[in-house]
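Heads up: the structure comes next, in structure tokens.
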Amino acid sequence: MNFGYEEEGKGGSLGDVGIWRRIIAFSARYRLALSGAIILSLFVTGGTLALPALLQHGIDRYITAKGIENTVRLSGLTSTAVWYGLLVLLIFVATFFQTVVLEWLGQSIMHRIRQDLFNHILHLDLQFFNSQPTGRLVTRLTNDIQNMYEMFTSVMVTLFNELLRLAGILVLLFFMNVQLALLMTIFVPISALITVLFSRLARACFRAIRSQLVRLNSFLQEAISGISIIQLFGREERNRRDFEELSQGYLERTLSQIRLFGTFMPITEFMSSLATALILWYGGGEIIRSRLTLGELVAFISYMRLFFQPLRELSQKYSIVQSAMASAERIFQLLDTKSRILLPEHPVEKPVVQGELRFERVRFGYDPEIPVLHDLSLTLRPGQAVALVGTTGSGKTTLVNLLLRFYEPQAGTITIDGIDIARFALEDLRTVVGVVLQDVLILQDSLLANIVMNSGRNRQDVEEILGKTGMTRFVARLPQGLDTMIGEGGQELSSGEKQLLSFARVLCRNPAILILDEATAAIDTESENILEEAIADSFRGRTSLVIAHRLSTIHRADHIIALQHGRIVQQGSHEELMALGGYYAEMVALDRRDGDSL
Amino acid sequence: MGRLEFFIIIINPEKNDPSAASGSLIAPPALPPCNLCLSLGFKPLSVIAEKRPSESSRQTPPIHQPATTLFASSVKKSPPDIPAPDRPNRADLSQLLALLRPSFSRYRWRLIAGFSALLAVDFLQLIIPRILKSGVDGLAKATASQSDLLALAGLIILIAIIVAGLRFVWRYLIIGFSRLLEMAIRNRIFTHILKMDALFFARHTPGDLMAHSSNDLSAVQMACGMGLVAAIDALVMSIATIGFMLHIHVQLTLLALLPMPFLAYFTRILAGRLHHRFNTVQEQFSLMTEFSRSTIVSVRLIKAYTMEKFQTGEFDKLGRKYVKNNLGVAYIQGLINPIATLAGNLGMLMILLVGGRLVILGTLTMGDFVAFVSYLSMLIWPMMAIGWVANLVQRGLTSLNRIHHLLTQQSTLPDIADTGEQPLLQPSFNLRAVCFSYSPARQPALRTVDLELGPGIHGITGRTGSGKSSLCRILARLYPVPDGQLFFGGRDVNTLPLAYIRSHIAYVGQEPILFSDTIAANIALGRPEASEEEIREAARSAAVHDDITNLPDGYATLIGERGVKLSGGQRQRLALARALICDRPVLIIDDGLSAVDVATEHEVFAGLRRQFVGKTVIIVSNRIKMLSLTDRIVIFEEGRIVSQGGHDELLAANSLYRSMFAKQMQVPAGDGVEP
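Residue numbers (this note's numbering), protein chains in the order written: chain A, 137 to 734; chain B, 982 to 1656.
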């Protein structure tokens, strides 16, 4: 499935102008700094060009002015030198500020775009995330933005300057000698052609190198992570051979890059020598024919050298601009991707919820062709605790996904207190409905901060909640209690402790409806005792829906729903269902028999 | 930038003194661009400034690394040890260079040819202005004919072609050499790593090792490639230029060169600092990368907890810091480039002031004055290059030192040459008062454990951290044991080759480690020659055959990063199949089926029982059903054996076991399988 996102492609509906307009829109709020940077840059260029003029002034007026008194010449020279020195310092300072301002500007704009993008991505629907490899989204947020940044600072301003300079030099050349200048202009298209060709080849080359490096590094990474297996199964020699093969491949690719650069890098310099030869031959002829002075010829040669510098600069920036434009396009495409979950225009105001939950003829499939839930209807009365049982793929988790509006049902409605959940603001909905999922998100912070997160509770609240549900014991086991640092580099939590944390976190938000996806993995006995007690307590006064794996939880539920292939096959209390026989009773019996066989 | 102004100086239209003007341009080496600038492909300034993370390093964010930072999602057992990273001591320079010597001597002719080409380019560059001078002189004296000019132009073109060719040659030979060197060291590192023990991998995280093989290697490669080129080029160019200048006027030379040492010095200092700050930027960049990665991976959780705003806020903090770090780099970059210009301009100022005075006083000719100006311009790049090279070399040496440190690390396991002994058919392990701890600073993981593990099925159980896994690890010879504590087939393990002992053992670890390859190749890892039928048989025994045939390409399905993602239970069963196919006399299963549901696990082992006859099978598990299948159960607590015996025996005698039984026999309903 492709959710409207073309792979790495270029040239969607966004024309180049459109991209530029958006980039400019992002930069608009920094227009003061931007114009400051441009002024500074013009000032630096101006100052740099003024220095030789000053030097020429010193030479013409004083050093070579034979008719004037020596002392006057010397003092004139000194004052010129002073001005020269001042200008030198000014250029120094201006360049410094220009660099810093430009950096600040570029980074600030990129920061903005990055934040917008991050926020945008987070609000996209889960179906979008299923269709996108994580790596691609990460690349958008990091490398693509970085590419754009390169263009912004190193190109936008220099491009402008270089073009200006190139044009200026061409005008000067034409001013001096039209034929000779026309001869020089030949180099512009040649250089452009070579640039385009080179950047195309270089790109292919870099891509090959990069992909080989990725292969090499992931092989290495895998080998290091799996070193014990490699050693235990005696695979060292084979792995070494494979690695050396990859290494050799990398070498060959870098060598072909060196060959490419070796071919193209000297070309500009070669053209410059070629131009010198042309000028000497043709210009020299013009002198012999008395159509050009020697001084003009010399000036021409010097200007010609100047002429190749911006050409080289521009050819280098060309590939940067190209890749930046591609990145910009990808970023803006992503920003234009809309979430499939439509938000209500006028959401229900801060709902106070009784907790009546109703699924009405809900039909859904991740692929619409293959329904996971078939017209499922289900009602939970306020305060009722319902256990969902069923095998993998029966649709238990899907039910939770729909309730949290991670996905939209294809048909049917889900209501809370009779209000369609699509009318809630997403944030309200997900506060009213609290979930304990099997995966646990751990922030690198204290346990307290991990429990509180963004619920706005304070320490006292947390202690109270923990005390009420008997989870104080869990906290007491940790070295610094609530202040224990967990996450990366902190205290490692066992899987049971993670479940407890997750549970405490949800209770902290005091949801009216509690969804509990019980852990399948075995957790240690003590954690399990605490958790059971906490679950029992939190069921009181809450509508609860539990994907149950433990018999104890199932016992505690008022009502059991057995799901099979997206349909409810049986429901009732444990005793009722056992008495009734059938799917549920079989499931329990199956496990019992194994147990009894011991 | 820097060279620009000097060009403009030269075009100063000295109408009244044409010889001065022509002399200026023609004066011996009229600004041949030094090799350095060209070889780097752009202005050296931008090299020194080292703009951003290099293309290759930026494009490979550790996207595939397991989620560890910021979010540790789901269940993951802790590594046995988190020791302090050891800082390498500075090794002798000679030791470090010894690492490079093999490559240098192997490719010596390549290097000699490369540098000859480089010097030839330098030399030829100086000739072109000479030709130009003779042409212009001829024109000035009106002796030159059109055919003379054609000949000279042809000569220039010829030389330019040779220069371009030679540039290709040196680039290919010298830079190519640095790549060959890089490969040699990379392969050496890998070969070395393969021999290391688990203690080594506890000290060096995968991230560290990856850094060694990417960042450190490329630092060495840079120093031995471009660094070497720049150093030699700069040296030759500056010596030649300074020689010419001294020839004209000694005092003026010294004055004009006054700012140059400062330039070299500041470039070096700033480039070093720049590198440091630049690393900070890169670190921050990877933090951002990792943060966005982990956010996207756990997007379901974030949405469920309505943490979008919170996450965006956190990301904003990281982004702001990134901006700040980048500004830190910009401050230095903003200094480095202008300082070069400043040094050049100050030298110009000296020439203008003092040289001009000398011309006025008649001790210096105008031609010499102009020549001086052009020489000075030629010196700026080599001077900056010296600073740059010094920094590059320093960085290269630091990296080389780290690599050296890595390569000198020894495995603590005995390195005994394979004697080609026949494997034992029914080996047994004998533990005599084994004591073991992951590091001296930590609590021992095993305390005086006496245990005989011969043919039969042994169940090992106990709380987390009680020493079960440590036992498996030392049996598999991943960690060292002192002499006289662990015996294999009656012989001290320290007297036996590692490969010999390991060839008896099939191992299933806690975390199923699979490789990016086909399923068949993963199963046949320990027996690459296994037939298709054997692979299928092993998969069937591990109850994973049906799962595999349901995959798009069956046994040929690629798994891992670029392939299909398997569930935890499937991965564990694959790891089991991999162990079963080896059919080795010892099978160790270290809690290797925790994500497989109890019923399936039970089934698998009931089916395997016949196959296990006569073998030593060691199963670590906390599941009563599993343990009840074993011949004997050993219970660990805090590194000690507290109880052992059969299922019924322990049920009567051990309270821990009894409580486990009571808990687990409350049978779970539902699937309980593979999240």
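Cβ atoms here follow ideal geometry from the backbone N, Cα and C, with glycine treated the same way.
Own chain residues within Cβ distance below 7 Å of residue i, not counting five before or after
{"i": "H689 of chain A", "result": "Note on residue identity: the sequence assigns Thr, not His, to residue 689 of chain A. A523, E654, I671, V682."}
{"i": "G1224 of chain B", "result": "none"}
{"i": "E1036 of chain B", "result": "Summary for E1036 of chain B: the model assigns pLDDT 30, below 50, so the residue's position carries little reliability; its value from the coordinates is reported in the next sentence. Taken in chain order, the list of residues that qualify is empty."}
{"i": "K532 of chain A", "result": "L524, G526, I683, L699"}
{"i": "L273 of chain A", "result": "I257"}
{"i": "L86 of chain A", "result": "Residue 86 of chain A cannot be examined here, being either before or after the span of chain A that is shown, 137 to 734."}
Residue burial classification, residue i (beta-carbon count within 10 angstroms, cutoff 16)
{"i": "G603 of chain A", "result": "exposed"}
{"i": "R425 of chain A", "result": "exposed"}
{"i": "V1102 of chain B", "result": "buried"}
{"i": "I403 of chain A", "result": "buried"}
{"i": "R497 of chain A", "result": "exposed"}
{"i": "N1503 of chain B", "result": "buried"}
{"i": "N1635 of chain B", "result": "buried"}
{"i": "K1284 of chain B", "result": "buried"}
{"i": "S1059 of chain B", "result": "Per-residue confidence for S1059 of chain B stands at a pLDDT of 36, beneath the threshold of 50, marking its modelled position as unreliable; no derived number is given."}
{"i": "S1355 of chain B", "result": "buried"}
{"i": "A1123 of chain B", "result": "exposed"}
Contact set for residue i: own chain, Cβ-Cβ below 6 Å, skip 5 residues either direction
{"i": "V1567 of chain B", "result": "H1485, I1486, T1597"}
{"i": "F988 of chain B", "result": "Note on F988 of chain B: pLDDT 29, under 50, position unreliable in the model; the coordinate value appears next. Within the same chain, F988 of chain B has no close Cβ partners at all."}
Span of the alpha helix (DSSP H), counted from its first residue to its last, around residue i
{"i": "L1506 of chain B", "result": "L1506 of chain B -> no alpha helix (DSSP H), and no H or E assigned at all."}
{"i": "N1168 of chain B", "result": "1157 to 1175"}
{"i": "T1322 of chain B", "result": "1289 to 1331"}
{"i": "F1617 of chain B", "result": "That residue, F1617 of chain B, is in no alpha helix (DSSP H); its beta strand (DSSP E) goes 1613 to 1618."}
{"i": "T1389 of chain B", "result": "1347 to 1389"}
{"i": "V1577 of chain B", "result": "Counting along the chain, V1577 of chain B falls outside any alpha helix (DSSP H), and DSSP gives it neither H nor E."}
{"i": "V291 of chain A", "result": "That residue, V291 of chain A, is in no alpha helix (DSSP H); it is neither H nor E in DSSP."}
Contacting residues, own chain, Cβ-Cβ under 8 Å from residue i (five flanking each side not counted)
{"i": "L382 of chain A", "result": "Q348, R351, L352, F355"}
{"i": "G1004 of chain B", "result": "Bear in mind that the predicted position of G1004 of chain B carries a pLDDT of just 30, short of 50, making it too unreliable to give a figure here."}
{"i": "T567 of chain A", "result": "R645, P647"}
Span of the beta strand (DSSP E), counted from its first residue to its last, around residue i
{"i": "Q1592 of chain B", "result": "Looking at the DSSP string, Q1592 of chain B is not in any beta strand (DSSP E), and its letter there is neither H nor E."}
{"i": "R494 of chain A", "result": "493 to 500"}
{"i": "A1121 of chain B", "result": "Per DSSP, A1121 of chain B belongs to no beta strand (DSSP E); it is in the alpha helix (DSSP H), 1089 to 1121."}
{"i": "S680 of chain A", "result": "679 to 683"}
{"i": "N537 of chain A", "result": "Where N537 of chain A is concerned, there is no enclosing beta strand (DSSP E), although the alpha helix (DSSP H) it sits in stretches over 532 to 539."}
{"i": "R1621 of chain B", "result": "1621 to 1626"}
{"i": "T1442 of chain B", "result": "1437 to 1443"}
{"i": "R1428 of chain B", "result": "1427 to 1434"}
{"i": "V1489 of chain B", "result": "1486 to 1489"}
{"i": "F1410 of chain B", "result": "1410 to 1417"}
{"i": "D653 of chain A", "result": "649 to 653"}
{"i": "S513 of chain A", "result": "509 to 516"}
Near the ligand PLP: residue i beta-carbon under 7 Å from a heavy atom
{"i": "A1324 of chain B", "result": "Only the bare structure without any ligand can be found here, which leaves the ligand PLP out of the picture."}
Bridge partners - residue i, DSSP secondary structure assignment
{"i": "Q707 of chain A", "result": "A:I697"}
{"i": "M246 of chain A", "result": "In DSSP, M246 of chain A forms no bridge with anything."}
{"i": "Q627 of chain A", "result": "A:I622"}
{"i": "D821 of chain A", "result": "Residue 821 of chain A lies beyond the range of chain A shown here (137 to 734); nothing can be said about it."}
{"i": "R1472 of chain B", "result": "B:F1469"}
{"i": "I1599 of chain B", "result": "B:H1439, B:I1569"}
Neighbour flag for residue i against chain D, beta carbons, 8 Å
{"i": "S475 of chain A", "result": "The structure shown contains no chain D; its protein chains are A and B."}
Cβ separation of residue i and residue j, assumed to be a contact under 8 Å, to the nearest whole Å
{"i": "D1399 of chain B", "j": "A1480 of chain B", "result": "6 Å"}
{"i": "I1616 of chain B", "j": "T1442 of chain B", "result": "6 Å"}
{"i": "L1427 of chain B", "j": "G1440 of chain B", "result": "In fact, because the Cβ distance is near 17 Å, the residues do not count as touching under 8 Å."}
{"i": "R1517 of chain B", "j": "Q1466 of chain B", "result": "Rounded, the Cβ-Cβ distance is 41 Å, inconsistent with contact."}
{"i": "S463 of chain A", "j": "L260 of chain A", "result": "That belief does not hold up - the Cβ atoms of S463 of chain A and L260 of chain A are roughly 19 Å apart, past 8 Å."}
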